[in-house]
Amino acid sequence: MALYQDHGGYCFSNCGYIRQSELDGSDTKTYRSRRDRKMSIWSPREINNFPLADLSHRGLSSEAVERYGIRQAVRPENGEPDEQAIFFPAGNGGGYKRKNRLTKKDTEIVGDYNGLFGQSVFSRGGRLLLITEGEEDAIALWQALKQQGKDYSVVSLPNGAGCGGIEKREVWDYITSFEAVMLAFDADEQGEQAVEKFAEIYSTEVKVKIVEMPEGCKDANDCIKQGKGQELVKACYRSKDYQPEMIIPGSEISYDMIREPIKPGYMLRSFPEFSNKMGGLRDGELGVVMAPPGVGKSTWVAEVGYELIRNTDDKVAWLFLEEDIKKATQRLVALDNDVPLAKYRLNPDIIPEEDARNSYNDLINNERTWFIDLGPSGRLSVDRLLHLLRYYRSQGVTRFIFDHISILFSHDDRDNERKLIDNVLSEVAAFCAATGSTMIMVAHIKRFDQKVYVKDDINDAQWLYIDPAMARGSGSFEQLAFWIAAIEPEKTEDERKGRMRINVKKNREWGFTGPCDVLHMDMNTGRLELSEPPEYDY
Numbered sequence: 001m002a003l004y005q006d007h008g009g010y011c012f013s014n015c016g017y018i019r020q021s022e023l024d025g026s027d028t029k030t031y032r033s034r035r036d037r038k039m040s041i042w043s044p045r046e047i048n049n050f051p052l053a054d055l056s057h058r059g060l061s062s063e064a065v066e067r068y069g070i071r072q073a074v075r076p077e078n079g080e081p082d083e084q085a086i087f088f089p090a091g092n093g094g095g096y097k098r099k100n101r102l103t104k105k106d107t108e109i110v111g112d113y114n115g116l117f118g119q120s121v122f123s124r125g126g127r128l129l130l131i132t133e134g135e136e137d138a139i140a141l142w143q144a145l146k147q148q149g150k151d152y153s154v155v156s157l158p159n160g161a162g163c164g165g166i167e168k169r170e171v172w173d174y175i176t177s178f179e180a181v182m183l184a185f186d187a188d189e190q191g192e193q194a195v196e197k198f199a200e201i202y203s204t205e206v207k208v209k210i211v212e213m214p215e216g217c218k219d220a221n222d223c224i225k226q227g228k229g230q231e232l233v234k235a236c237y238r239s240k241d242y243q244p245e246m247i248i249p250g251s252e253i254s255y256d257m258i259r260e261p262i263k264p265g266y267m268l269r270s271f272p273e274f275s276n277k278m279g280g281l282r283d284g285e286l287g288v289v290m291a292p293p294g295v296g297k298s299t300w301v302a303e304v305g306y307e308l309i310r311n312t313d314d315k316v317a318w319l320f321l322e323e324d325i326k327k328a329t330q331r332l333v334a335l336d337n338d339v340p341l342a343k344y345r346l347n348p349d350i351i352p353e354e355d356a357r358n359s360y361n362d363l364i365n366n367e368r369t370w371f372i373d374l375g376p377s378g379r380l381s382v383d384r385l386l387h388l389l390r391y392y393r394s395q396g397v398t399r400f401i402f403d404h405i406s407i408l409f410s411h412d413d414r415d416n417e418r419k420l421i422d423n424v425l426s427e428v429a430a431f432c433a434a435t436g437s438t439m440i441m442v443a444h445i446k447r448f449d450q451k452v453y454v455k456d457d458i459n460d461a462q463w464l465y466i467d468p469a470m471a472r473g474s475g476s477f478e479q480l481a482f483w484i485a486a487i488e489p490e491k492t493e494d495e496r497k498g499r500m501r502i503n504v505k506k507n508r509e510w511g512f513t514g515p516c517d518v519l520h521m522d523m524n525t526g527r528l529e530l531s532e533p534p535e536y537d538y
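Count the sequence shown with UniProt numbering and you get residues 1 to 538, in order.
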């Protein structure tokens with residue numbers, strides 16, 4: 001509403017120019033909307049004297065129009081019906097809503113307009129109230145039911161799919177006076193949203209039933225225009241009780257579902273104890289690998305990703321954020337030929353041309369392996385990451401090796417980093433669960449104030465103690481990850497790089513936790529190899 005120096009105003013939504021006398025309540029007249037600049041004035045009193053409207057173009061009978069009291073202005077110059085001035089009475093207040101047959105956008109409110117359309121026609125209380133989105137739909141539905149000998153109370157929302165005004169006291173009292181409410185909303189996305197919005201307010205107060213429009217019909221009036229009035233009535237008889245989509249009664253669960261086994265996880269050949277304890281890598285799960293810097297997290301997840309690419313038909317996204325596309329692809333070739341990555345990068349000829357070409361075709365140029373390149377900025381926003389994940393999935397990618405999450409937020413302060421990690425973990429976990437994707441994510445841990453080592457008599461070693469709570473930035477790792485594996489470095493006297501142990505800290509599906517594979521790096525091949533595996537009872 002814009003207020004002008006003449007003390008009037010202009011409503012840029014529907015009403016058009018409004019005089020001061022109407023703003024202060026001394027006048028009930030309203031000008032037409034700004035689509036019609038002639039500023040013709042109507043009043044409820046003169047509208048009451050207009051003849052009944054002709055809505056035959058909508059398939060609506062004169063009986064139905066008379067029942068709802070729809071009026072239509074006439075042109076003074078020839079006495080013909082004015083197609084730009086069809087008036088639908090308010091449920092409360094005595095006002096009208098003017099509509100233009102020629103364009104849906106030209107509407108205005110005349111006088112005091114409140115309540116549900118049709119509320120003044122049908123008395124309060126009873127077994128059933130039917131509600132539509134629009135006025136014409138309410139008239140059409142009443143007409144279809146009347147033709148079948150049923151005179152039910154049929155009203156429409158005051159503001160369509162927006163559901164505005166349904167919480168007002170006079171509307172609330174009217175709706176809740178009925179035992180049940182049947183919603184015959186439009187068969188589109190807006191109609192579905194309107195059902196949910198209405199049901200959120202009223203489903204705990206009255207029984208709510210949902211009508212599914214006959215096939216090929218958008219709304220109740222569309223059914224009448226297509227000659228499907230009987231099908232509309234049958235749709236009302238077949239209406240279903242409203243039930244929030246997240247609530248499922250046990251009676252709807254089949255016995256076959258509880259007998260259906262889950263898909264077994266992929267058992268990693270390279271890490272058998274880890275696989276046995278985990279029950280394999282399962283679909284739809286977010287797994288987290290954590291360790292201090294320099295221990296071998298990236299090397300371990302690279303071995304996992306390499307095995308998935310080499311030994312399965314799955315599509316794998318190789319998301320090593322700290323490596324450019326050249327290093328990421330060279331890592332796969334080096335792994336495939338048992339050559340340390342650093343040596344291969346320094347001298348590619350260390351791998352014969354034919355072997356390198358075979359590795360390239362098998363592991364990279366195979367239409368199954370996907371990569372990422374962050375470009376010069378080296379940054380990736382959370383929103384962009386989620387968009388990329390959805391795109392990868394649309395291309396059939398089901399396995400993701402993600403190293404590592406902290407690089408997303410390396411430019412943020414610590415407090416903001418914590419919030420962002422919470423957000424991305426929540427979104428990624430939901431993505432995995434919804435799409436059946438497997439994500440193995442590397443996470444750094446905080447710096448140690450004091451290192452604690454755990455003695456291992458079986459392997460004659462001491463391993464650095466790592467708690468999932470040490471994850472950098474957030475406690476969401478423990479809450480949202482399906483499984484967490486810590487890579488524990490061995491304590492050595494001269495601080496040389498020793499062995500590493502995989503320790504399962506969380507295992508939501510299988511439940512088994514604790515230490516498993518002990519590994520060491522073969523400096524000649526650059527590969528992780530199993531040390532003598534300990535035996536554990538689980």
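Just so you know, even glycine gets a beta-carbon here, dropped at the ideal spot from N, CA and C. Every value quoted in this text rests on a predicted model; they were computed, and no experiment measured them.
Looking at the backbone, the Cα of N49 and that of A73 are separated by about 9 Å. By the criterion of a C-beta distance shorter than 6 Å, I224 is surrounded in its chain by G59, A140, once the five residues flanking it on both sides are discounted.
Ranking D422, L55, N92 by CA distance to the CA of L102 puts L55 first.
Beta-bridge analysis with DSSP links A471 to I445.
With a cutoff of 8 Å on beta-carbon distance, K209 and M182 are scored as near each other. Each of K97, A199, V424, F87 was checked against the Cα of L386, and the nearest Cα belongs to V424. For the region 235–308, the continuous beta strand (DSSP E) assignments of 3+ residues that do not extend past its boundaries occur at 286–291, in sequence order. Per DSSP, the beta bridge partners of Y453 are L464. For the set A194, T204, I201, G227, the Cα lying nearest the Cα of V211 is the one of A194. The count of Cβ pairs closer than 8 Å, one atom from the region 310–322 and one from the region 499–508, stays below three, leaving the stretches out of contact.
L332: member of the alpha helix (DSSP H) spanning 325–336, first to last residue.
Counting the other CB atoms within 10 Å of its CB gives T204 a total below 16, which places it among the exposed residues.
When secondary structure is reduced to three states using DSSP, P340 falls in the coil class, being assigned neither helix nor strand. Burial of F271 is indicated by the presence of at least 16 other C-beta atoms within 10 angstroms of its C-beta.
Close CB contacts of P51 within its chain, under the 6 Å cut and outside five residues either way in sequence, are absent. Taking a C-beta distance under 8 Å as the contact criterion, V154 and G91 do not qualify as a contact pair. Taking C-beta separations shorter than 7 Å and ignoring five residues to either side along the sequence, the partners of N159 in its chain run G165, following chain order. Distance from R98 to V110 at the Cβ level is roughly 6 Å; contact confirmed, criterion being Cβ atoms closer than 8 Å. Y237 counts as exposed, since fewer than 16 other C-beta atoms from the protein chains shown sit within 10 angstroms of its C-beta. When beta bridges are read from the DSSP output, D522 appears opposite R527.
Counting only runs of 3 or more residues that sit fully inside the region 118–184, the beta strand (DSSP E) segments are 126–132, 153–156, 178–184, in chain order. A contact is defined here as three or more CB-CB pairs under 8 Å, and the region 317–332 fails this definition with respect to the region 457–468. Excluding the 5 residues flanking it on each side, R399 has same chain C-beta neighbours closer than 6 Å at L308, D314, V316, T438, in chain order.
The three-state secondary structure of T513, taken from DSSP, is coil.
Contact between I487 and V295 holds: their C-beta atoms lie close to 5 Å from each other, under 8 Å.
Looking at the DSSP output, T107 bridges to K99. Counting the other Cβ atoms within 10 Å of the Cβ of R393 gives 16 or more, which makes it buried. When the five nearest sequence neighbours on each side are left out, the beta carbons in the same chain lying within less than 6 Å of the beta carbon of P489 are those of V295, L464, M500, in order along the chain. Within its own chain, the residues whose Cβ lies closer than 7 Å to the Cβ of E170, once the five positions on either side in sequence are excluded, are N92, N114, G115, listed in chain order. When secondary structure is reduced to three states using DSSP, V195 falls in the helix class. D449 and E252 have their C-alpha atoms spaced approximately 54 Å apart. Out of F87, A235, E133, F122, the CA that lies nearest to the CA of D106 is found in F87.
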